[in-house]
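J.: This is the structure I have questions about; it appears just below.
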Amino acid sequence: MNEINELLSKIESRDAVIGIIGLGYVGLPLCREFVRGGAKVLGIDVDPRKIEAIQAKKTYIEHIPDETIAEMVDSGLFSATSDLDRLNEPDAILIAVPTPLNKMREPDLSYVEGSMPIRLTQVCVFLYKLMHDELSSNSAGVSATLS
Ligand SMILES: NC(=O)c1ccc[n+]([C@@H]2O[C@H](COP(=O)([O-])OP(=O)(O)OC[C@H]3O[C@@H](n4cnc5c(N)ncnc54)[C@H](O)[C@@H]3O)[C@@H](O)[C@H]2O)c1
C-alpha cells in the first residue's frame with residue numbers, strides 16, 4: 126500500500142492524528158468539527174494564552190462556549206500545544222494561520238512559512254482567502270499539496 130492509501134485508511138479508521146496549526150477563528154472550529162467526527166486532533170498555536178485557555182477548558186472565541194471546549198478536551202481526542210517540536214506527531218496537517226494581504230493585495234505567506242517545517246509524508250492543506258478582485262470578492266479557497 127502506498128503512503129497515500131495508508132494515510133486515507135488511517136483517516137477513515139479514525140487512527141490518524143490531525144494537526145491543526147493556528148487555533149483562531151478558523152482553526153478552533155475546525156478542531157471542534159474533527160473531534161465531533163471522532164478524529165484525534167492536535168492543535169498547535171504560537172500564542173500560549175490560547176493553549177492555556179484550552180487546557181483550562183475556557184473559550185476565547187465568542188461563538189464557541191466554554192462547554193464546547195470542555196467537551197473537546199474531555200473527549201480525550203483533543204489536545205493543544207505551542208510546542209512546535211510536536212509538529213512531527215500528526216499524520217495530516219491543516220494550516221489556518223493569518224494570510225494578510227500585502228500592498229499588492231497578495232497574501233503574505235510569512236506566517237505559513239513560520240509554521241514549517243512539516244514532515245515530508247504529511248499532507249498540508251492550506252486554507253486561504255481569495256480576495257483578489259479578479260478572482261473573487263469573498264470566497265474561501267482550499268489547495269492541497271503533498272510535500
Ligand atoms: N476568519 C474568517 O472568517 C476566515 C474565512 C475564510 C478564510 N480565512 C483564512 O483562514 C486563515 C486563518 O484565519 P483566522 O481568521 O483563523 O486567523 P486568526 O488570526 O483568528 O488565527 C490565526 C492563529 O494562528 C496563530 N499563528 C500565527 N502564526 C503561527 C505559527 N507560525 N504557528 C502556529 N500558529 C500560528 C495565531 O496565534 C492565531 O491564533 C487565514 O488565511 C484567513 O484568511 C479566514
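If you want this note's numbering, it's the 1-based position in the sequence shown plus 125.
Where a beta carbon is used, it is the ideal one built from N, C-alpha and C, also for glycine.
Keep in mind the model is a prediction, meaning the values are calculated, not measured.
1. Since Thr206 is in the beta strand (DSSP E), which residue starts that stretch and which ends it?
2. Quick check on this structure: which residue in Val151, Gly168, Leu153 has the alpha carbon closest to the alpha carbon of Asp216?
3. Is the distance from the Cβ of Pro154 to the Cβ of Ile186 below 9 angstroms?
4. Please return the same chain residues whose Cβ sits closer than 8 angstroms to the Cβ of Lys135, not counting the five positions on each side in sequence.
5. Which one of Lys228, Val198, Asp191 has the shortest CA to CA distance from Phe159?
6. Does the Cβ of Ser240 lie closer than 8 angstroms to at least one heavy atom of ligand 1?
7. Hey, could you find the ends of the beta strand (DSSP E) Val171 is sitting in?
8. First and last residue of the alpha helix (DSSP H) that includes Ile194?
T.: Per the coordinate set shown:
1. From DSSP, the beta strand (DSSP E) with Thr206 extends over 203 to 206.
2. Closest option to Asp216, judged by alpha-carbon separation, among Val151, Gly168, Leu153: Gly168.
3. Yes, the Cβ-Cβ distance between Pro154 and Ile186 is below 9 angstroms.
4. Closer than 8 angstroms at the Cβ level, and outside the excluded window around Lys135, lie Ala141, Asp216.
5. It is Val198 whose Cα lies nearest to the Cα of Phe159.
6. Within the cutoff, so yes.
7. Here Val171 belongs to no beta strand (DSSP E), and DSSP marks it neither H nor E.
8. Looking at the DSSP string, the run of the alpha helix (DSSP H) that includes Ile194 is 191 to 199.
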